[in-house]
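If you count by the working numbering, then the sequence shown holds residues 64 to 446, one letter each, in order. Cβ coordinates follow ideal geometry from the N, Cα and C atoms, glycine included. These numbers come from a predicted model, not from an experiment.
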Amino acid sequence: MTIGFELTPEQRDLQALAVKFAREEMEPRAAECDRKGLFPEDIYRKAWELGLMNLNVPTEYGGSGLPLLDQCLITEALAHACGGMTTSILANCLALQPINLGGTPAQKERFLRPFCAQYHLASFALTEPSGGSDAGALRTRAVREGDTYILDGEKCFITNAPHASLFTVFATVDPQRKHEGITAFVVPRDSPGLTTGRDEDKMGQRASSTSTVRFEGVRVPVENRLGAEGEGFRLAMKTLDSTRTPIGSLAVGIAQAALDHAVRYAQQRTSFGKPIAEHQAIAMKLANMAQGISAARLLTWHSAWLVDQGDRATLESSMAKCFSSDMAMTVCDEAIQIFGGYGYMRDFPVEKLLRDAKLCQIYEGANEIQRLVIARELLKRYA
Ligand code: COS
Numbered sequence: 064m065t066i067g068f069e070l071t072p073e074q075r076d077l078q079a080l081a082v083k084f085a086r087e088e089m090e091p092r093a094a095e096c097d098r099k100g101l102f103p104e105d106i107y108r109k110a111w112e113l114g115l116m117n118l119n120v121p122t123e124y125g126g127s128g129l130p131l132l133d134q135c136l137i138t139e140a141l142a143h144a145c146g147g148m149t150t151s152i153l154a155n156c157l158a159l160q161p162i163n164l165g166g167t168p169a170q171k172e173r174f175l176r177p178f179c180a181q182y183h184l185a186s187f188a189l190t191e192p193s194g195g196s197d198a199g200a201l202r203t204r205a206v207r208e209g210d211t212y213i214l215d216g217e218k219c220f221i222t223n224a225p226h227a228s229l230f231t232v233f234a235t236v237d238p239q240r241k242h243e244g245i246t247a248f249v250v251p252r253d254s255p256g257l258t259t260g261r262d263e264d265k266m267g268q269r270a271s272s273t274s275t276v277r278f279e280g281v282r283v284p285v286e287n288r289l290g291a292e293g294e295g296f297r298l299a300m301k302t303l304d305s306t307r308t309p310i311g312s313l314a315v316g317i318a319q320a321a322l323d324h325a326v327r328y329a330q331q332r333t334s335f336g337k338p339i340a341e342h343q344a345i346a347m348k349l350a351n352m353a354q355g356i357s358a359a360r361l362l363t364w365h366s367a368w369l370v371d372q373g374d375r376a377t378l379e380s381s382m383a384k385c386f387s388s389d390m391a392m393t394v395c396d397e398a399i400q401i402f403g404g405y406g407y408m409r410d411f412p413v414e415k416l417l418r419d420a421k422l423c424q425i426y427e428g429a430n431e432i433q434r435l436v437i438a439r440e441l442l443k444r445y446a
């Protein structure tokens, strides 16, 4: 396939659909949801009705099976309106990806199809209170008894957990075996012994919902295990190889919103007799912001393109996620600076963007982990 930057008519249509939805449905509610910490499920339901959720579910199971590049275009457009809502909309892709990658055809039929037939939310349950970065050291236990596993443990910071009907859960069948013991399961919400905690009061992305998930003697049939025992860690890593790139796009969408606000403000606001955009100090900031956004967008497109070619994109997806989220923090910070005192006030939109961008440096692997992954992959290429 040749390299091109022109979107196809279908991609432009998808982008236009997402932009329209973001402007008409998400943007008008974003500030209120942020202030009150509301979870606007009616918006998520509408996103599902329009085909803006479950983008990675293959067509044979009723989904749209979109290439990752198309998913990134949609993600960026939605995040321009609200990062938190976009995280909740994307969370299904993260939770369903282990089933896509590691499920048998029968499991895909059983677990994926219902998500395309009806609106449901799913959660990806990997992180634990004892630590999220060292995923190989997780403590949730899965003990086999006949044809059933008994799950015991606790997960934390799980997106959409209070509202999810299905969880992809990573547990260990033998903690001594570290990552070799980790096994993935699909666990329905109504499983006795599964409970979710209170909705966390977050700094940003407050329209998404986050809580703990507890497993106390939760019985999971062996048919709900994804792959063999011990294959869960690699499945989680492969999942993140494709889902970190859209997080990069989410950060790009937030940063683009910050730049758009900053440019409009800098063109209207005058000081020393002219619009502040015409002062070099501000113009340089705008130029740097625009450069960072373009560079990040291209990294996300390249990483998504590699995944769509069937290539392993461990390095590129970590770069896309890490660079874009760091860039988004810088751009939002500069946007606040351009707004001056107004930027610090909740009546203006840019401080929310900074709070929303911050999470992109932390979730789906903290940026320190992304740098570790990048360095390891880089050194392999020199070995
Ligand atoms: N694709 C396929 N296999 C992979 C892989 C990938 N992207 N990454 C690692 N593996 C394999 C390795 O090849 C290795 O296999 P072998 O046992 O056959 O050698 C195995 O998995 C263990 O990998 P590694 O030795 O790299 O594991 P580490 O414990 O050193 O750490 C990191 C790996 C730190 C990268 C991992 O724990 C991680 O990504 N942590 C962050 C977790 C995260 O993102 N959490 C957020 C959850 S969603 S909000």
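Following a CB-centred definition, is residue i positioned closer than 7 Å to any heavy atom of the ligand COS?
i    : result
F233 : no
K301 : yes
F187 : yes
S387 : no
D304 : yes
A198 : yes
I432 : yes
E427 : yes
G355 : no
G290 : no
L435 : yes
F230 : no
T275 : no
T377 : yes
G195 : yes
R297 : yes
T149 : no
T138 : no
Report back the beta-carbon spacing between residue i and residue j to the nearest angstrom; my notes put them in contact at under 8 Å.
i    : j    : result
A270 : M148 : 5 Å
G128 : T122 : 4 Å
L349 : A325 : 7 Å
D133 : L175 : Not a contact, Cβ separation roughly 18 Å.
Assign residue i to one of three DSSP states: helix, strand, or coil.
i    : result
T306 : helix
S193 : coil
F248 : strand
S334 : strand
G216 : strand
V281 : strand
A185 : strand
R176 : helix
E427 : coil
V120 : coil
R207 : strand
I66  : coil
F230 : strand
S254 : coil
Does the separation of the CB atoms of residue i and residue j fall below 8 Å?
i    : j    : result
G256 : F278 : yes
G404 : A398 : no
S305 : L131 : yes
A81  : A154 : no
L459 : V249 : No answer is possible for residue 459: the residues shown for the chain start at 64 and end at 446.
M266 : K99  : no
A224 : T259 : yes
I310 : S388 : yes
T302 : Q160 : yes
T138 : G295 : no
V436 : T393 : no
C395 : A321 : yes
A79  : C145 : no
So is the beta-carbon of residue i under 7 Å away from any non-hydrogen atom of the ligand HEM?
i    : result
D253 : As presented, the structure is devoid of the ligand HEM, carrying the ligand COS as its sole ligands.
In whole angstroms, what separates the C-alpha of residue i from that of residue j?
i    : j    : result
R332 : E379 : 40 Å
I345 : M390 : 18 Å
L118 : G126 : 7 Å
A247 : A198 : 13 Å
G280 : Q400 : 52 Å
A367 : E414 : 29 Å
L157 : S334 : 47 Å
I245 : P168 : 22 Å
C96  : R204 : 36 Å
E87  : L101 : 18 Å
I66  : L298 : 29 Å
R173 : M408 : 48 Å
A429 : E73  : 34 Å
I213 : R75  : 47 Å
H242 : L164 : 18 Å
S228 : G293 : 25 Å
W111 : F84  : 11 Å
Q354 : I152 : 28 Å
L441 : E90  : 40 Å
L416 : R261 : 25 Å
R360 : T190 : 28 Å
Determine whether the Cβ of residue i lies closer than 8 Å to any Cβ atom of chain C.
i    : result
G311 : Here chain C cannot be found, since the structure has a single protein chain.
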